[in-house]
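J.: Residue numbering for the sequence shown is -26 to -1, 1 to 273, as defined by mature numbering (1 follows the signal peptide of the UniProt record, and there is no 0).
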Amino acid sequence: MEAPRLRLRLPFLLLVALVVSPPANGWPPVAAAARRMRIEPLPTAALRRLYDTSNYGKLQLNNGLALTPQMGWNSWNFFACNINEAVIRDTADALVSTGLADLGYNYVNIDDCWSNVKRGKGDQLLPDPKTFPSGIKALADYVHGKGLKLGIYSDAGIFTCQVRPGSLYHEKDDAAIFASWGVDYLKYDNCYNLGIKPKDRYPPMRDALNSTGRQIFYSLCEWGQDDPALWAGKVGNSWRTTDDIQDTWKSMTDIADKNNKWASYAGPGGWNDPDMLEVGNGGMTFAEYRAHFSIWPLS
Ligand SMILES: *[C@@H]1O[C@H](CO)[C@@H](O)[C@H](O)[C@H]1NC(C)=O
């Protein structure tokens, strides 16, 4: 019942995404597409602001990363907690052998469940010895050897969502150990946050990452709760704008709709993150996945 109605919405969605997406440097298809579709530019102040790119960069975290939105793979949407070092290595191999790496899909991001349930004697984060026996440094070396980058996961709370150690109040030490392992990307989640505001919990990790001297992409995942587009530009390289995606057409289109309103806050250095793709995971049709894949770069 629902599907035909939602399908009808698609052209509208794509159209809206095109219209409100900021024209990234030298992206003339916006104007061309608008002409093709005979969209008259609306001469309102709000719309003019959407196209105002003069603040790009100035408003964003200046760590030299995220000049374009991050692309790659993350373990969660398919493997959830069932990960191990072989899965990560195999995925790195697959990114190269399928040609995706050549297209720019270069981040191999480990999500929750990589770490031991307890910190070490010196309070340091440890990889789970059963699933990551060779350690994260070895994995980073492997991934780097393929010309790819390795991402890891932690949480701006006392535990991760799967109840592994969180990095709240351990920001300096955890950032230092990630850097020492050669990590290139941190997804920073929002579980067990003690009710402290994201604006207070996310900047300390930004500063800790910066002080390692290693360039580490900082991906905020506070689920869009405190409208991060309004403040996270100076904190992270991307910020989740919504709750978690599900592998359904309804979830995907809902997220695309909600994400749209923040388009003007995205730009080189800091991007809206509508959550990770579900393409290939089985919950949508091929055509729906194709739409999903097409809408995400517009977000
Ligand atoms: C740390 O922050 C300073 C000031 O924004 C910036 O110039 C520098 O590139 C940053 N370094 C890293 C490694 O992110």
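Using N, Cα and C, we set each Cβ at its ideal position, and we do this for glycine too.
Output the distance between the C-alpha atoms of asparagine 58 and alanine 19, rounded to the nearest integer angstrom.
T.: The residue labelled residue 58 in the question sits at position 84 within the sequence shown. The residue labelled residue 19 in the question sits at position 45 within the sequence shown. Cα to Cα, asparagine 58 sits roughly 51 angstroms from alanine 19.
J.: Report yes or no: do three or more beta-carbon pairs, one from the region 40 to 50 and one from the region 64 to 81, lie closer than 8 angstroms?
T.: yes
J.: Buried or exposed: where does arginine 138 fall if 16 or more other Cβ atoms within 10 Å of its Cβ makes it buried?
T.: Residue numbering aside, residue 138 sits at position 164 when the sequence shown is read from its first letter. With 16 or more other Cβ atoms within 10 Å, it is buried.
J.: Is the CB-CB distance between leucine 183 and phenylalanine 133 below 9 angstroms?
T.: Taking the first residue of the sequence shown as 1, we reach residue 183 at position 209. Taking the first residue of the sequence shown as 1, we reach residue 133 at position 159. Taking 9 angstroms as the Cβ cut-off, leucine 183 and phenylalanine 133 do not qualify as a contacting pair.
J.: For glycine 198, collect the residues of the same chain with a Cβ closer than 6 angstroms to its Cβ; drop the 5 residues on either side in sequence, then sort them by chain order.
T.: Mapped onto the sequence shown, residue 198 falls at position 224. Closer than 6 angstroms at Cβ, skipping near neighbours: Arg214, Thr215 and Thr216.
J.: Suppose you measure from the CA of asparagine 80 to the CA of histidine 144; what does that come to, to the nearest Å?
T.: Within the sequence shown, the letter at position 106 stands for residue 80. Within the sequence shown, the letter at position 170 stands for residue 144. Rounded to whole angstroms, asparagine 80 to histidine 144 spans 28 angstroms at the Cα level.
J.: Exposed or buried, serine 128, counting other C-beta atoms within 10 Å across all chains shown (16 or more means buried)?
T.: Taking the sequence shown and counting its residues from 1, the one referred to as residue 128 is at position 154. Under this definition serine 128 is a buried residue.
J.: By the DSSP assignment, the alpha helix (DSSP H) with aspartate 64 in it spans what residues?
T.: Indexing the sequence shown from 1 puts residue 64 at position 90. 59 to 71 is the span of the alpha helix (DSSP H), which, as asked, contains aspartate 64.
J.: If you draw a straight line from the C-alpha of lysine 111 to the C-alpha of valine 157, how long is it?
T.: For this step, residue 111 is matched to residue 137 along the sequence shown. For this step, residue 157 is matched to residue 183 along the sequence shown. Each residue's alpha carbon lies about 8 angstroms from the other.
J.: Counting beta carbon pairs with one atom in the region 103 to 121 and one in the region 170 to 182, are three or more of them shorter than 8 angstroms?
T.: no
J.: Sort Ser89, Gly96 and Lys95 by Cα distance to aspartate 102 and report the nearest one.
T.: Residue mapping note: residue 102 aligns to position 128 of the sequence shown, counting from 1. If we check each option's Cα against that of aspartate 102, Ser89 comes out closest.
J.: If I measure Cβ to Cβ from cysteine 55 and keep anything under 6 angstroms in the same chain, skipping five residues before and after, which residues do I get?
T.: The residue you call residue 55 lines up with position 81 of the sequence shown. Taken in chain order, the residues that qualify are Cys87 and Gln136.
J.: What number of angstroms, rounded off, separates the C-alpha of threonine 186 from the C-alpha of glutamine 220?
T.: Here residue 186 refers to the residue found at position 212 when the sequence shown is read from its first residue. Here residue 220 refers to the residue found at position 246 when the sequence shown is read from its first residue. So the two alpha carbons sit approximately 35 angstroms from each other.
J.: Run through the DSSP bridge pairs and tell me what alanine 246 is partnered with.
T.: Counted from its first residue, the sequence shown places residue 246 at position 272. According to the sequence as given, residue 246 is asparagine; it is not alanine. Asparagine 246 pairs with Trp213.
J.: Keeping to the same chain, check which residues put their C-beta closer than 6 angstroms to that of serine 154; ignore five residues upstream and five downstream.
T.: Numbered from its first residue, the sequence shown carries residue 154 at position 180. Result list for serine 154: empty, nothing under 6 angstroms.
J.: Which residue spans inside the region 83 to 142 form an unbroken alpha helix (DSSP H) run of at least 4?
T.: 109 to 119
J.: Considering just the uninterrupted stretch of the beta strand (DSSP E) at serine 193, what are its terminal residues?
T.: Indexing the sequence shown from 1 puts residue 193 at position 219. 191 to 194 is the extent of the beta strand (DSSP E) around serine 193.
J.: Which residue's Cα is closest to the Cα of aspartate 148: Ile190, Arg63 and Ser225?
T.: As a working note, residue 148 is residue 174 in the sequence shown. Of Ile190, Arg63 and Ser225, the smallest CA-CA separation from aspartate 148 is found for Ile190.
J.: What are the start and end residues of the beta strand (DSSP E) that includes leucine 160?
T.: As a position in the sequence shown, residue 160 is number 186, starting the count at 1. Start and end: 159 to 163.
J.: What did DSSP end up calling glycine 46 once you bin it into helix, strand or coil?
T.: The count along the sequence shown starts at 1 and reaches residue 46 at position 72. Glycine 46: strand per DSSP, three-state reduction.
J.: If you reduce the DSSP assignment to three classes, tell me which class tyrosine 81 lands in.
T.: Locating residue 81 in the sequence shown gives position 107, counting from the first residue. Note: tyrosine 81 maps to strand in three-state DSSP.
J.: Helix, strand or coil for glycine 241 per DSSP?
T.: By one-based count along the sequence shown, residue 241 stands at place 267. It is a strand residue.
J.: From Leu35, Leu33 and Leu39, pick the residue whose C-alpha is nearest to that of tyrosine 159; which is it?
T.: Numbered from its first residue, the sequence shown carries residue 159 at position 185. Cα-wise, what sits closest to tyrosine 159 is Leu39.
J.: At a threshold of 8 angstroms, does glycine 244 count as lining ligand 1 (C-beta to nearest heavy atom)?
T.: Taking the first residue of the sequence shown as 1, we reach residue 244 at position 270. Because no heavy atom of ligand 1 lies under 8 angstroms away, the Cβ of glycine 244 does not count as near it: no.
J.: What is the rounded straight-line gap between the Cα of leucine 251 and the Cα of threonine 222?
T.: Sequence index remark: in the sequence shown, residue 251 carries index 277 (1-based). Sequence index remark: in the sequence shown, residue 222 carries index 248 (1-based). Going from the Cα of leucine 251 to the Cα of threonine 222 covers about 11 angstroms.
J.: What is the DSSP secondary structure of serine 273, reduced to helix, strand or coil?
T.: Your numbering for residue 273 matches position 299 in the sequence shown. Here serine 273 sits in coil by DSSP.
J.: Hey, is arginine 188's beta-carbon within less than 9 angstroms of any beta-carbon in chain D?
T.: Absent from the structure: chain D. Only one protein chain is present.
J.: Would you report the Cα separation of threonine 42 and alanine 240, rounded to the nearest angstrom?
T.: Numbered from 1 along the sequence shown, position 68 holds the residue referred to as residue 42. Numbered from 1 along the sequence shown, position 266 holds the residue referred to as residue 240. The straight-line gap from Cα to Cα measures roughly 10 angstroms.
J.: Could you tell me if glycine 254 is buried or exposed, where buried requires 16 or more neighbouring beta carbons within 10 angstroms of its beta carbon?
T.: As a first step, residue 254 is located in the sequence shown; it is residue number 280 there, counting from the start. Flag for glycine 254 reads exposed.
J.: Please classify serine 193 as buried or exposed, where buried requires at least 16 neighbouring CB atoms within 10 angstroms.
T.: Walking along the sequence shown from the start, residue 193 turns up at place 219. Buried: at least 16 other Cβ atoms inside 10 Å.
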